[in-house]
Structures are given as structure tokens and as C-alpha cells.
Amino acid sequence: MSASAALRSFTNGWSIDQASIPLLDQDAFAQVLLDAVAEGQRVVALFGAQERDAVALYAVLGNDEDNLLCAARTNITGAGFASLTPRCPQVHLFEREIAEQFGLVPQGHPWLKPVRYQPSWTGRDAWGRAVGVEIPPGVGDFYHLDGEEVHEVAVGPVHAGIIEPGHFRFQCLGEPVQHLEIALGYQHRGVEQAMLGGPHPRSVHYAETLAGDATIAHTTSYCQVLESLSRCQKTARSQTLRGIALELERLANHVGDLGALAGDVGFLPTASYCGRIRGDVLNMTALLCGSRFGRGMIRPGGVGFDLDMDRCTALLIQLDAFDADVHAAINLLWSTPSVMARFEGTGPLSRQAALELGLVGPAARASGLARDVRQDQPCGVFRFAHIPASAVDSGDVFARAYVRWLEIHQSLRFVREQLRAMPAGARQTPLGPLAPDSFVVALNEGWRGEVCHVALTDATGRFRRYKVVDASFRNWSGLAYALRGQQISDFPLCNKSFNLSYCGFDL
Amino acid sequence: MLKILQARMQQGHRTIRYPARPAPAVPDRLRGHPVLAPGGCPEGCRACLEACPTGAVSFGHAHTGGPRLDLGRCLFCAQCADACPTQALTFSTEHRLATRRREDLIINADKGGPDTPKVRLAQALEPRLMRLFGRSLKLRQVSAGGCNACEADTNVLGTVGWTWGRFGIQFVAAPRHADGLLITGPVTQNMKLALEKTYDAVPEPKIVIAVGACAISGGPYQGHAQANNGAASVVPVDLFIPGCPPHPLTILDGLLRLLGRVGVDGVDNGNRGDGRA
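Protein chains in written order, with our numbering: chain C, 503 to 1009; chain S, 192 to 468.
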């Protein structure tokens, strides 16, 4: 029997009954997951949820080829479960998170360490720490190399620039990095716990700020959860406006990243111009909704702001100026030998490594993995307007930069097309009550990659579990792996080529 | 080389002339300073209070008159304005919001005073600190749980459009090189010690600037066990810049007021080229 037959299939953004998700015993659950991955599916989420007498593990798998998701669950009544990481590396961090949140030990996990340095939700601690004892972040055993000439470099949590905090521990032999270990959790604010019992008045604001530069992507997923649970039919217009907002968010961040990459190699022309041009795109988002980061734009049932003809025209004019500016600024990169010499061959991540680690977003596409939620699990306007996934296969800093350049073209074309052909309709549709005992997965392609929100409701239709998986949750491991063998002085460049979220990981 | 020069010609000179000239236009849908219309509240109505996700709206004991707004808790989401049945509460595009004291962020419509109450905008540093920092202010940024929006729109002030370098403002890599801290985020438990150590490492005299609702009050994360309701829980704060996130012009205006470049002797080029204040 193929793995798919043992799993419950559904589409992105379509809620199902929790009871319809097959409840398997631990061995069958493990086998089904491994078989699905062997067949080419990927693990979208693997997380725990408190049941009455057990902790349930839910697995959500992505069958990108068939544009379907599938799910299975198992109940853990004991102190732990057999780790799948040795046979399926992409679940490594999910299992650590389950250990930290629920106190269940994944036996045989090759690197069982805390994820966010937070106390367990169940009072049972996977590392045997006493309840109520403070857990200092980043304190513990780091992977260590011994040797006379080995030196260990520690960076963070506070970093030199205007950037979020995290800890990086390098093991170096001279300039080349032998190993990088990343310890996060400094930004942990307790979002998943705060979502319980919701939706609350603050829930949408948590969605907007859990990764504050990816507001549109996360808030769209959150709103889709609510809309799915209430079977709300959004208008075509509101879905188009959401798509425009999402692509403007992508444009702003990609332009900013290319400028920052130029800055990291000391190429000031592009760095200066892109620093400004990014602001021009943020101002386009603000033209829509008053906020450069899209706060207030995405609301349950649709969007918070509409566009009249004058505003559409103003946006199109600004996009024309952006088009000219961004080409002049960014094409300099590809024709400047000193830039290309720094970009090419730096921080390479093979397609095989990206596949095994389960990477998503531009970082995955730069390693030849052409996965993109807009193409593979489309929802909203992306079911009707196709944006081809942009992929390059050298897997180095150049590839991660060039993928962004290709995506800038695609997003610009998409926004222009949508603005010129906006469907009529209301900007928002009222929501009905939320279905009880349901399960919904809402995926969106944020600019860093796949943003995943999973919600389980209780008998009254309120959230009894809310799981957020930002693209960064998967991709930080990719950065750590890509640094191996690289010069430590290339770390800022490699880091910027991924540009991951700390707070999106830490929640 | 030629292409680089061509690009430079195409991009042009983009640094704004503010504060010598009026500030650039802010987005017309920007939710800036709230406006409380006098006498507009229906008897007993609490729609704005009920709509506010962070408790920024309160009513005085007298139960007469309008609400009290705490801009330090405000996310500028305008859910209160959307809920108001008489449009007694609206948001203007007024971008000047920074204050020196926490209590100056609270605007009252329920006591005697101006009909449309406004925050008491930040005054310049005292003369001793002005002599030290007025022409050279080196800041260390600490993100203590910030979502990266306040960080990004602070960072943008270093780009060519704004260029805070022309005011002597610079961000430095180490607290030992700094004159003060610029803090974002609600101060998560996991960043508390790092923030304390960074603050301690800044030589005296030093100042602290809190940017954004999280850094002032915890923002959406008020009351979370994982956070500490803002920077003032750990360090003394000299400048509060509200918003979620504050517009870059709001942040810059706050910094320039602190340095006495704006708002001194009644000269305030806060009004923009469109003639509106």
C-alpha cells in the first residue's frame, strides 16, 4: 500500500475533521512518514498537540506533484518515541521542538538540544531540568573540535548591526570554518501559547508581528485559517489584492537583500541605490494600507483597504519608476568582476543537502529545488494567476542572489497584470462561526519561503493548538551547513544570502 | 566603470532636504497621531475600549467626556476608530509623536484642556549632554524581541534618502563605542541579560531610546510571561518613539528633537510640502 493511501489528503487552506486524520500506532506512523518521503513527498510540519491522555504527534506532508497535502497522527503515552531523524534528516528540528514543548524524548535523535530555551508546556522536561528553574539561552554543549590550532569564535546574541539576536558558534582551523552551530531562542515571545483559546483580539496582531517583515505572508495564512474554518467565500477582488500585497512584500525584501549583499562585498553603488529603492516599494505597500510593512492590509474575510482607479494608476506609475531604477542598480552586480568573484562559489549548498534538510524558498530554489507554494500548493489568486518558480542550480551566494533577481521580474510582472485587470467585488466578506474539532493547514510562499500555519479547533471552535512554521525554521540549518569549508570572513555574505528570520523561528 | 557612472547619473541625488526644508509627504493612509473630537462620544459608549487589542484606550473615573489614549500601548491599528459610531476618534497623518517621558504619551480627552489633545513632543537633551552628543551621537542597537519592522525602519535612516550621518548620528558595532542604546522589542526573557550587559558596557553618560510599541509597553506582547513589557523594565529610557512600526520620519523626527535640531525656539519644520502640519 503506498504511503498516500494511509494518509488523509486535502488541499492547502481546506479544513477537515480532526477525526478523519488516520490515527496510527507509532510504528505505522513512522513507516508511513518514511515511505511518503521516499516517494518524494516532504515534511511540511511535524508537531505535538496535547490530547486528554496523551500527546498526539501530527505529521503534515506535502505531495507537491499532486498539489495535495496529507496528514496522519499517532498518540504518545510514554516518555518518548523513536526518533525518525537518523532516517529522515528533515524532521530533526521538529523532533527537538516536540521534545522542548512537550517533554517527550525522541530516542536516538543525533543532536537533541533545546530549540528556543523555553520551559516545557507540560511540566515534563526532556532534559530532566527542574520545573521553574531558569533556562539561560544558548548555554549548553556546542559541537566542539579539539586541536592546537582550532579556534572557536562566538558571535551574538547582540550583533554588530541593526539586526535581531542569535548566537553563532564557529569552529575554525585558520580562516576556513569547520562547523557552524546556531543557537536561537532569544526572540521567543510565546506566540503559539498565546494563540490558544483564540481567536482573540490580539491574534491577528500576533500574526502580523511574528515575523514583522513578512507580515503579509503570515497574516494571510492566519486569515485563511479562519476563513477555511468558517467556509468564508472571499471575493476575487480581495484575493487579488492579497496577492498584490504579498508580491510587493517580496519585491521590497528581495531588493533590500540584493543591496545588502552588495554592501557585504563592498560594492557601494548597488548597496546605496537598493537601500533607497527598497523604501520605494515599502511606500507602495503604504499607498495600499498606510503601513510600509502591510499592517492592517490583510484581515479575516479579505483585505482592510481597497484600491480605487486613481490609486491603481499611481501604483503603476511608481512601478514603472521602480522598474527603471532597479534594473540600473542591480544589473551592475552581474557585470562587476569583483562582485561576482565574491558571490560565485561561496557558501555552496548542494541540491542533495537542500533536499535532505527540507529547505524551502529562494535558498532551496538556488540549489535547484524548484519548490514554491504558489506553484505546488496554490491558494488564493495563485490558483488562477501562475507565477513560475525561479530556480538556479549552483547553490552558492550568486545563485541565492540571482534567484531573487529572477523573482523580482516575476513579481513585478504579476503585480502589473493584476492591477490592470482587477476584478470587481467587495474587499471583505464577513466570517461565520468557526467549525469545531477541525484541522486546517494554510501555506503561503513568503519571501523567505513557505510559511505554514496549522490550527486545531476544540468542540467550541476555538484554537486548541496553533502551530506556526516559518521558512526560517527549516532554513537556518541550511546556512549552518553552507558555511562548512567557507572562510569565516564570508559569513556575513552567506548569512545575508539566506536572510532568515530570528523571531519567525523563535516565535 | 562607465556603467557605474551611468547608473549614478540615472539614480540621481536623493537625500531629502528635511529639516532645512519641509518633511517629505507621508502615505495618505498613514495612521499617525489620533484625533479625539470634542464632545463626540455617545453617553456610556465604550466601543473604542472594547475594540483595542492592547488596552491603549481607557476611560477616566468621571465617566464623562472622551477616552484616554496611551500611545505607548497603541499599535495604530485603528480598530478603535473603525468601531467608533460617531467618528469621534480618528487617526491623522501627523507623524510627530516622540516624547521624553512615558506619561507624555498619554493623551486625555476626559479632562479639561485642549479640545484635540496631542502628545507633548520631545525636548532636546540637557545642555551637558547636548555638548557631548549634539553633533555626534553614536548608538548601539539592541533588538530584544523585536519583529524586525522597527529595526528595518530604523536601519533605513542610514540609506541615502534619509542619511542620518549628516546629523552626526551613527550606529556602532560595540556598546563600548556608543553614547547610548536604541532598543526595539518587548525585552524577551531570553534577551534580558544581554540587554543589561550591553547597557552596562556603554560608558557614562549614556542615553536610551525606545522605538516601537513593544519597546515602550510590550506592544502585542504585553503581559506575556516570555517578555518584560518593554525597555523601561530593564533600563531608564530617555526618548519614546511610538508606532508599530513608527514611520522612519517619526523616528528621525524624534532623534532630531532630542538633538535640538527640530522643535527648538518654536521652529518646527514638521509641516510637509503639502502645507499641512
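Beta carbons: idealized from backbone N, C-alpha and C, even for Gly.
DSSP-derived helix/strand/coil call for residue i
{"i": "G980 of chain C", "result": "helix"}
{"i": "H888 of chain C", "result": "coil"}
{"i": "Q552 of chain C", "result": "strand"}
{"i": "F431 of chain S", "result": "strand"}
{"i": "Q989 of chain C", "result": "strand"}
{"i": "E285 of chain S", "result": "coil"}
{"i": "W629 of chain C", "result": "coil"}
{"i": "I374 of chain S", "result": "strand"}
{"i": "M503 of chain C", "result": "Any reading at M503 of chain C is ruled out, since the residue's pLDDT is 46, under 50, leaving its predicted position unreliable."}
{"i": "Q413 of chain S", "result": "coil"}
{"i": "V767 of chain C", "result": "coil"}
{"i": "Q528 of chain C", "result": "helix"}
{"i": "S522 of chain C", "result": "helix"}
{"i": "I398 of chain S", "result": "strand"}
{"i": "G466 of chain S", "result": "For G466 of chain S, the pLDDT reaches just 35, beneath the cut-off of 50, and the residue's location in the model is therefore unreliable, although a value from the coordinates is still provided. Residue state, collapsed to three classes: coil."}
{"i": "G1006 of chain C", "result": "helix"}
{"i": "G451 of chain S", "result": "coil"}
{"i": "A944 of chain C", "result": "strand"}
{"i": "A422 of chain S", "result": "helix"}
{"i": "E909 of chain C", "result": "helix"}
{"i": "D273 of chain S", "result": "helix"}
{"i": "D391 of chain S", "result": "helix"}
{"i": "F267 of chain S", "result": "coil"}
{"i": "G951 of chain C", "result": "strand"}
{"i": "D827 of chain C", "result": "helix"}
For residue i, the nearest candidate out of the options (CA to CA)
{"i": "R885 of chain C", "options": "C:I800, C:A830, C:G745, C:K615", "result": "C:G745"}
{"i": "Y560 of chain C", "options": "C:E567, C:Q920, C:D566, C:A573", "result": "C:A573"}
{"i": "A416 of chain S", "options": "C:L748, C:R691, C:E749", "result": "C:R691"}
{"i": "I195 of chain S", "options": "C:W836, C:G777, C:V956, C:T721", "result": "C:W836"}
{"i": "A547 of chain C", "options": "C:Y724, C:A957, C:L981, C:W623", "result": "C:A957"}
{"i": "G625 of chain C", "options": "C:G634, C:Y619, C:V617", "result": "C:G634"}
{"i": "R967 of chain C", "options": "C:S974, C:A973, C:T959", "result": "C:T959"}
{"i": "I673 of chain C", "options": "C:V652, C:S622, C:Q735", "result": "Per the sequence shown, the amino acid found at residue 673 of chain C is Gln instead of Ile. Of C:V652, C:S622, C:Q735, the residue nearest in Cα terms is C:V652."}
{"i": "T199 of chain S", "options": "C:R922, C:I832, C:L526", "result": "The sequence given here has Arg at residue 199 of chain S, not Thr. Considering only alpha carbons, the answer is C:I832."}
{"i": "C265 of chain S", "options": "S:P318, S:P244, S:R357", "result": "S:P244"}
{"i": "Q741 of chain C", "options": "C:A887, C:A601, C:D648", "result": "C:A887"}
{"i": "A214 of chain S", "options": "S:A238, S:L440, S:P433, S:V428", "result": "S:L440"}
{"i": "L760 of chain C", "options": "C:A747, C:R778, C:L743", "result": "C:R778"}
{"i": "Y209 of chain S", "options": "S:L446, S:W353, S:F267", "result": "S:W353"}
{"i": "P394 of chain S", "options": "S:N381, S:F267, S:D370, S:A404", "result": "S:D370"}
Residue i and residue j closer than 8 Å at C-beta
{"i": "N755 of chain C", "j": "W949 of chain C", "result": "yes"}
{"i": "A422 of chain S", "j": "V453 of chain S", "result": "no"}
{"i": "I298 of chain S", "j": "A335 of chain S", "result": "no"}
{"i": "R544 of chain C", "j": "I523 of chain C", "result": "no"}
{"i": "P667 of chain C", "j": "G676 of chain C", "result": "no"}
{"i": "T722 of chain C", "j": "I800 of chain C", "result": "yes"}
{"i": "C1017 of chain C", "j": "Q726 of chain C", "result": "Because chain C in this structure spans residues 503 to 1009, residue 1017 of chain C falls outside the shown range and cannot be described."}
{"i": "T389 of chain S", "j": "V660 of chain C", "result": "yes"}
{"i": "F807 of chain C", "j": "G714 of chain C", "result": "no"}
{"i": "T350 of chain S", "j": "Q332 of chain S", "result": "no"}
{"i": "Q202 of chain S", "j": "D827 of chain C", "result": "yes"}
{"i": "L348 of chain S", "j": "A300 of chain S", "result": "no"}
{"i": "L763 of chain C", "j": "L995 of chain C", "result": "yes"}
{"i": "L933 of chain C", "j": "S705 of chain C", "result": "no"}
{"i": "F916 of chain C", "j": "E749 of chain C", "result": "yes"}
{"i": "P864 of chain C", "j": "R906 of chain C", "result": "yes"}
{"i": "A420 of chain S", "j": "Q413 of chain S", "result": "Note that residue 420 of chain S is Asn in the sequence shown here, rather than Ala. Yes, the pair counts as a contact, with Cβ atoms nearer than the cut-off."}
{"i": "L945 of chain C", "j": "N569 of chain C", "result": "no"}
Residues sharing a beta bridge with residue i, DSSP
{"i": "R967 of chain C", "result": "C:L958"}
{"i": "K998 of chain C", "result": "Answer is none; K998 of chain C lacks a bridge partner."}
{"i": "I800 of chain C", "result": "C:V805"}
{"i": "P225 of chain S", "result": "S:F282"}
Residue i: CB within 7 Å of a non-hydrogen atom of the ligand MG
{"i": "V679 of chain C", "result": "By its list of ligands, the structure shown contains no ligand whatsoever, and the ligand MG lies outside what it can speak to."}
Any C-beta of chain A under 8 Å from that of residue i
{"i": "G634 of chain C", "result": "The structure shown contains no chain A; the protein chains it does contain are C and S."}
Inside the segment 535–615 of chain C only - alpha helix (DSSP H) runs reaching at least 4 residues | Qualifying alpha helix (DSSP H) stretches, in chain order: 594–604.
Tell me the start and end of each unbroken beta strand (DSSP E) in the segment 640–707 of chain C that is at least 3 residues and wholly inside, in chain order.
-> DSSP assignment within the segment 640–707 of chain C yields the following whole beta strand (DSSP E) runs of 3 residues or more, N-terminal first: 652–657, 669–675, 679–685.
Length at least 3, wholly inside the segment 296–372 of chain S: the beta strand (DSSP E) runs in chain order = DSSP runs (the beta strand (DSSP E)) wholly in the segment 296–372 of chain S: 297–299, 328–334, 360–362.
Could you name each continuous alpha helix (DSSP H) segment of 4 residues or more that falls completely within the segment 723–787 of chain C, going from the start of the chain to the end?
-> Within the segment 723–787 of chain C, complete alpha helix (DSSP H) segments of at least 4 residues are found at 738–766, given in chain order.
May I have a chain-ordered list of the alpha helix (DSSP H) segments no shorter than 4 residues that lie completely inside the segment 840–887 of chain C?
-> The segment 840–887 of chain C contains these whole alpha helix (DSSP H) runs: 853–859, 863–867, 875–878.
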